[in-house]
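Respectively, the protein sequence lines represent chains A, B, C, D, E, F and G.
Residues in the first sequence are numbered from 0 upward in steps of one, following numbering that gives the first Met the number 0.
Residues in the second sequence are numbered from 0 upward in steps of one, following numbering that gives the first Met the number 0.
Residues in the third sequence are numbered from 0 upward in steps of one, following numbering that gives the first Met the number 0.
Residues in the fourth sequence are numbered from 0 upward in steps of one, following numbering that gives the first Met the number 0.
Residues in the fifth sequence are numbered from 0 upward in steps of one, following numbering that gives the first Met the number 0.
Residues in the sixth sequence are numbered from 0 upward in steps of one, following numbering that gives the first Met the number 0.
Residues in the seventh sequence are numbered from 0 upward in steps of one, following numbering that gives the first Met the number 0.
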Amino acid sequence: MPQPLPPDYMAYDRTIVVFSPDGRLLQVEYARQMVKNGTTAVGIRIKDGVLLGAVKTVMPLAVPNSYKKIWEIDDHIAAVSAGSLADARSLIDQARVRAQVNRITYGEAISVSSITKYICDRKHLVTQYAGVRPYGVGLLIGGVDETGPKLYETEPSGTMIEWKAQAIGRGSDKAKSVLTKGYKDNLDLKKGTELLLKSLKSGEKNVKPENISGVFVTSEGIKPLSFKEVR
Amino acid sequence: MPQPLPPDYMAYDRTIVVFSPDGRLLQVEYARQMVKNGTTAVGIRIKDGVLLGAVKTVMPLAVPNSYKKIWEIDDHIAAVSAGSLADARSLIDQARVRAQVNRITYGEAISVSSITKYICDRKHLVTQYAGVRPYGVGLLIGGVDETGPKLYETEPSGTMIEWKAQAIGRGSDKAKSVLTKGYKDNLDLKKGTELLLKSLKSGEKNVKPENISGVFVTSEGIKPLSFKEVR
Amino acid sequence: MPQPLPPDYMAYDRTIVVFSPDGRLLQVEYARQMVKNGTTAVGIRIKDGVLLGAVKTVMPLAVPNSYKKIWEIDDHIAAVSAGSLADARSLIDQARVRAQVNRITYGEAISVSSITKYICDRKHLVTQYAGVRPYGVGLLIGGVDETGPKLYETEPSGTMIEWKAQAIGRGSDKAKSVLTKGYKDNLDLKKGTELLLKSLKSGEKNVKPENISGVFVTSEGIKPLSFKEVR
Amino acid sequence: MPQPLPPDYMAYDRTIVVFSPDGRLLQVEYARQMVKNGTTAVGIRIKDGVLLGAVKTVMPLAVPNSYKKIWEIDDHIAAVSAGSLADARSLIDQARVRAQVNRITYGEAISVSSITKYICDRKHLVTQYAGVRPYGVGLLIGGVDETGPKLYETEPSGTMIEWKAQAIGRGSDKAKSVLTKGYKDNLDLKKGTELLLKSLKSGEKNVKPENISGVFVTSEGIKPLSFKEVR
Amino acid sequence: MPQPLPPDYMAYDRTIVVFSPDGRLLQVEYARQMVKNGTTAVGIRIKDGVLLGAVKTVMPLAVPNSYKKIWEIDDHIAAVSAGSLADARSLIDQARVRAQVNRITYGEAISVSSITKYICDRKHLVTQYAGVRPYGVGLLIGGVDETGPKLYETEPSGTMIEWKAQAIGRGSDKAKSVLTKGYKDNLDLKKGTELLLKSLKSGEKNVKPENISGVFVTSEGIKPLSFKEVR
Amino acid sequence: MPQPLPPDYMAYDRTIVVFSPDGRLLQVEYARQMVKNGTTAVGIRIKDGVLLGAVKTVMPLAVPNSYKKIWEIDDHIAAVSAGSLADARSLIDQARVRAQVNRITYGEAISVSSITKYICDRKHLVTQYAGVRPYGVGLLIGGVDETGPKLYETEPSGTMIEWKAQAIGRGSDKAKSVLTKGYKDNLDLKKGTELLLKSLKSGEKNVKPENISGVFVTSEGIKPLSFKEVR
Amino acid sequence: MPQPLPPDYMAYDRTIVVFSPDGRLLQVEYARQMVKNGTTAVGIRIKDGVLLGAVKTVMPLAVPNSYKKIWEIDDHIAAVSAGSLADARSLIDQARVRAQVNRITYGEAISVSSITKYICDRKHLVTQYAGVRPYGVGLLIGGVDETGPKLYETEPSGTMIEWKAQAIGRGSDKAKSVLTKGYKDNLDLKKGTELLLKSLKSGEKNVKPENISGVFVTSEGIKPLSFKEVR
């Protein structure tokens, strides 16, 4: 049985998205906390593409890649999530449909910023209306379009920020320090993968390379990363 | 009359699905607890098929198989449930219709992953909107399609994971230990059934073979298991 | 005026169907308690039919059979209820319409399992959506169709179980003991009626044969039982 | 200004119709209490018809029969109410329309049981759905149809019972004792009216014959009773 | 700023129309209290018509008759209100439309009882459904139709009573005593106006004839009363 | 950050428009308090027109007349507001559309009473239904139509009163005293403007003529007042 | 995990937009507090255009201008926001569509006041209806249309004010003092930019020119400001 909660928690159970007296949207902040509770995920914009990586939860009998946190959205766009897997799956499904609709309607691949904006609009909507809860998931969306490699973050409020490199999840504070120190523009794949691995490991205890999964998103497709070669 | 609940419980009765300050969806966790309160159920992917088994509640005057926890979804897909039987029946009914629609629309049997995704979408939806509660049931869905034997788990949040072998319900912790130790790829039917029986018994007290029911899902149909022969 | 309730009850008045932290649906359990508060009802599957019986509340000026707990659904299906009479009447009315629709649509009588499933679907639906309460009534549904005599129980959660013999209501625990000891397959009408009477009397104080009503549901129709002859 | 209510009452104000832990529908029970707070009303099935009577509230300047508690539904059916007059008026209006629709649709007068069932369906519906409160009124419905004289009671839960004689309202307990002792089948009008008067007076303090109104419902119409002649 | 309310009031703010354990509809009773807080209004059925009178709130700069409590519904029907002026205006507007629709549909003036019933139906409806509050206004409706002069009262529950003479508002208790003592059938205009004035003055402190307004509703129209001539 | 509110306030935040036990609609009274918190506004009916005036909030960098409290509704009707500027803007916009619709539909200017009634209907509606809050604004509406100059007040309950002169807002008590003493029928423009200025200044501290704005509504249009010439 | 909130906050979580007893709309005030928590933003109307500036949050790995607070609405209109970026993005998107619709429908650019009014209408609407929360963002909207340069402020209540110069966000009090002292009509670009920089720096600690972004909105388009040249 789950642990009994202290009495102070009782009021929050009943909350819809409203402002607190100090001007905060508490339900959105709690959804952010669910993201913060997830395993660490990192994205890095490098030369010719974007690296996305995540720490895998160790489950010996699970089929590899089934409990995945890296999602393909289109041939040229992928995402890595922290927080609710079910919320991530729902948002990614909507984004995949949106990407296909773009191909059919305009005859071309959707841009990374457009797909991110679409997801942010969904996320924002549910923070404004009653009867639905915020999405408890953060996404780092990486892709390559006509404007080059792009990395975006979406979080539960629906805010959209473009990053050179960013980390989310429980180890994000330490991972961001590693990224800030080590990031340089136009890193090559080897250096980028090293930085990805280092930042992911900084925020998680005793994580081994085989517990990390990653992809390299390029204009030619999404390629799995092999961390054993690195280091 | 049911036992009086301690005052701390009072707030939870009134809850819709919202976040707690520490980033959890309490109603979803309580629904998971209902799954955890159910009798143990186990699924194992073996050579040429999937084994599903469950402990039967002993009710001398009930018609055998009427209070069942193993459900046929289509000729090639079955499921075993832990938690609310009524919720299970409702979800399985929806899945059966979905499977038939697939046959009619595409002229072929639905894949195990598609039917699982369909059930997970239903489960996720009711965790996001007010006015409806989460499903209080976990399902292990086993089947054989063009990609071979497949075993999936769905739980109240709508998360979908593929397993080689998995256990749910009140004895799931002990049953998982047995599975982790004993599982090997491509077990034959005899060895698989032995593992199924052993894992089911590990988590329940004094359970006898006649209190256990199971099926072997193959590409040629769903066959009942006979546990008396085993051991 | 009704007795003042202790403060602990106050929270429950405001409840919709949601999970408690220990994984229970409280409103469904309270509805079950209403069934448990009702007078005892018993059903027994015997040779060529099903016996249904209930204890009548003694009301000297009431017209006999007006405050009835045994309901005819179709020529070949009847039910006995424990709990809310008003809820029972509403469900039975819906089931009667459903049975007639089956005759008109398919040109044949509905099966006992189909009509039970229909009632269970109604019961389950109202446990999942806000804005409507669970049905506070249990039904034992007996009938004879192409598969022979059948006895089903439905309770407020929408769970559906097939029984050889079953009891519901305030005396159900004692009545079930009597049934478990005395039940045999293919009892004849005389022995079956004796068992029905014995089980009904076991759970109620000082009940006399004239306070008990019962029917024998056969493929040729529903016949009232005469308990005075028995014993 | 109304009396301040004790703190224990505060929770009930906010209640919709839900179950209490001991399996009661509190809002329905409180609505029954409103019936119980009303002035006494009595119905008696006699030879060739049904007697309905009620105690009139003494209001010197009110136009006689304007604050009435006896209602004509159709030529052959009347009702007496206890509890909310406004709820009674609303229900009776619906029943009158229903009775006329029956005449137009089927070319014949509606039966007493059909009109009662119609009212009970309305009453039951509002006990099951949120957003509407139960009817706070009880009705004794008397009439004569092809099956002879009939007397039914409806109460806030929507339960429907047929009576030989019945009393509702604040004096109902004492009035029922009088009815139980004095009732005989096929009483003539004089004896029936005496019993009606005696039962009504038993439950009210210092009530005089002129404060009692009553009708005799027959197959030839509804006739006012004169209580001065009696006694 | 309004006076701080004692803590006991806090629960009532959140109330919809539900029953209290002692069988009362609290929101309806509080709406009645708003009527009781209004200035006194009186209606008297006299020879050939109905007198309606009200105490005017003294507001020196208000345009005479603008803050009125006497309302014309049709040529032959008027009303006097106590309680919310805004609620009165809304109800009267609906009644005026209803009266005109009657003229157009049936080619004749609506009866006083029909228009009162219409208003009572509106009032009752809002006591039964959530999401709308009761009307906080009482009306005395006077008119002359084919059945002669008629005086009705409607109060927040939707109850409808016909009176020979009646008073509502803050001075109604004292005014009713005056009416009960002084009322006689078929009073002439002079005697009736004297009784109206006397009853209105009995329940209000230091009210002067010029602070009282009144009308005489006849079959030939609605005529203002001059109170200076009286007394 | 706003000041912490005392615990007694907590209940009011959650209120919809319902009655308190003493027969008051609290949300409407609190909306009135918002009007009472606004700067003082005054209206005076004079010879050939209506004067409307308001105290301007001193904001040195605001564009003059942008933070305005005097609103033109049609060529012949203007209004001055106290309370929520956003609510005022919304109501005035609706009134302007209504006025134009009248011109198009009937080919003539709308009367002052009709436009006021329209606004009052809007205001009343939101006091009766849940899911929407009352308007927190009071309006003095002045205009000239076929019946001559007219001045009306609307307040949050939807009550409509016609005045010779009236004041609303934080200084309304003192301003009304000045108006009551100084008002005479058919004041000329100079005397009227002096009275307007005097009453506005009486209720505000240290207000200078340049902080007051006003208009003279006539049948020939709405003309700004110059207060510097006065006094 | 977020800091535990003191018990006094508990009530506010559950609030919809209703009045407090002292006539305030608390949810709107809390939304204003979110604006007040944002970084400082300033707008100044100068000769031939409007200057808009904001302090940038320092995030080393963010792509410059991606976490932007200055938004282009149309060729001739821009806005600077303080508060929720997600709310700002949603409102600006709606305004952009509105501006394009104007061009298509009327063949001309929308005026600054029209686009501001449109945004204010959206903001006001969500303060009046339940089920949706106020926008937690303030906007300074600057543009040049046929009436010359214009600067408007919109805040969460939906109030609309035109300014010569205005500041919002956490440093707005100090920034307004700087603006009030330094503002003159028809400042040239150099003097205006100096005032913008000075006011922005006054309310933020240790802000450097490179952390400030700004635009000059003219009739010929929106030009970025270079703050390094200034000072």
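From the three backbone atoms N, C-alpha and C, an ideal C-beta is built for every residue, glycine too.
Can you pull the chain D residues whose beta carbon is under 9 Å from the beta carbon of lysine 189 (chain E), in chain order?
Going along chain D, no residue has its Cβ under 9 Å from lysine 189 (chain E), so there is no contact; the nearest lies around 20 Å.
Looking at C-alpha atoms only, which residue of D:Ala61, D:Ala81 and D:Ile76 is the closest neighbour of lysine 68 (chain D)?
D:Ala81
Euclidean distance between Cα positions of valine 27 (chain G) and arginine 97 (chain D):
50 Å
Name the chain G residues that come within less than 9 Å of tyrosine 29 (chain F), Cβ to Cβ?
Val17, Phe18, Ser19, Pro20, Asp21, Gly22 and Arg23
Which class does tyrosine 117 (chain G) belong to by DSSP, given the choice of helix, strand or coil?
helix
Pick helix, strand or coil for isoleucine 103 (chain G), following the three-state DSSP scheme.
helix
So with CB distances below 9 Å, who are the chain C contacts of tyrosine 182 (chain D)?
Pro59 and Leu60
Give the C-beta separation of leucine 60 (chain A) and tryptophan 162 (chain B) to the nearest angstrom, bearing in mind that I take them to be a contact with Cβ-Cβ under 8 Å.
6 Å
Excluding five sequence neighbours on each side, which residues of the same chain lie with their C-beta closer than 7 Å to the C-beta of proline 3 (chain G)?
Caution applies to proline 3 (chain G), whose pLDDT of 32 falls short of 50 and renders its modelled position unreliable; the value that the coordinates give is listed next. Once the five neighbours on either side are set aside, proline 3 (chain G) has no close Cβ partner at all.
Going straight from the alpha carbon of arginine 121 (chain C) to that of isoleucine 221 (chain A), what length do you get?
48 Å
Just to make sure I have the definition right: I need the residues of chain A whose C-beta is within less than 9 Å of the C-beta of alanine 129 (chain B). Which are they?
Ile15, Ala129, Gly130, Val131 and Arg132
For the beta strand (DSSP E) that contains aspartate 47 (chain D), what are its first and last residues?
Aspartate 47 (chain D) -> no beta strand (DSSP E), and no H or E assigned at all.
Among D:Tyr29, D:Thr38, D:Gly42 and D:Asn36, which has the Cα closest to the Cα of leucine 186 (chain D)?
D:Gly42
Contact list for the region 35-48 of chain B against chain C, Cβ threshold 7 Å:
Lys35 and Asn36
Between arginine 132 (chain B) and glutamine 127 (chain C), is the Cβ-Cβ spacing less than 8 Å?
yes
Which residues in the same chain have their Cβ closer than 7 Å to the Cβ of asparagine 210 (chain B), if we skip the five residues on either side of it in sequence?
Val54, Lys55 and Val57
Could you check what DSSP says for tyrosine 11 (chain B) in three-state terms: helix, strand or coil?
Confidence at tyrosine 11 (chain B) is low in this model, with a pLDDT of 32, below 50, so the placement of that residue should be treated as unreliable; the coordinate-derived value is given next. Three-state DSSP puts tyrosine 11 (chain B) in a helix.
Please return the same chain residues whose Cβ sits closer than 6 Å to the Cβ of glycine 202 (chain B), not counting the five positions on each side in sequence.
Thr39, Gly170, Lys173 and Ala174
Of the residues that make up the region 139-153 of chain A, which ones have a beta carbon closer than 8 Å to any beta carbon in chain B?
none
Please state whether DSSP places glutamate 203 (chain A) in a helix, a strand or coil.
coil
Residue of F:Ile118, F:Ala164, F:Thr146 and F:Ile140 minimising C-alpha distance to tyrosine 134 (chain F)
F:Ile118
Nearest-angstrom Cα distance between leucine 150 (chain A) and leucine 25 (chain A)?
27 Å
Would lysine 183 (chain D) be called buried (16 or more neighbouring beta carbons within 10 Å of its own) or exposed?
exposed
May I ask you to list the residues that DSSP assigns as paired with serine 212 (chain D)?
D:Ala53
Tell me, please, which residues DSSP counts as bridged to proline 148 (chain E).
E:Val143
Could you tell me whether any Cβ in chain A is nearer than 8 Å to the Cβ of arginine 121 (chain G)?
no
Under a Cβ-count criterion, where at least 16 other Cβ atoms within 10 Å of its own Cβ denotes burial, should glutamate 219 (chain B) be classed as buried or exposed?
exposed
Use the C-beta contact count for lysine 46 (chain B): other C-beta atoms within 10 angstroms, 16 or more gives buried, fewer gives exposed.
exposed
Aspartate 21 (chain A) versus arginine 23 (chain G) - alpha carbon distance:
16 Å
Is the Cβ-Cβ distance between alanine 108 (chain D) and aspartate 144 (chain D) less than 8 Å?
yes
How about valine 259 (chain D) and glycine 106 (chain D): do their beta carbons lie closer than 8 Å?
The shown model of chain D, from 0 to 230, leaves out residue 259 (chain D), and the question about it has no answer.
Near the ligand COA: isoleucine 103 (chain B) beta-carbon under 7 Å from a heavy atom:
The ligand COA is absent from the structure shown, which contains no ligand whatsoever.
Taking all protein chains shown into account, do 16 or more other C-beta atoms lie within 10 angstroms of the C-beta of glycine 130 (chain G), making it buried, or fewer, making it exposed?
exposed
Cutoff 8 Å: alanine 85 (chain A) Cβ touching any chain B Cβ:
yes
I'd like to know if glutamine 32 (chain F) contacts chain G, where contact means its C-beta is closer than 8 Å to some C-beta of that chain.
yes
Expressed to the nearest angstrom, what Euclidean distance is found between the alpha-carbon atoms of asparagine 205 (chain C) and lysine 189 (chain D)?
39 Å
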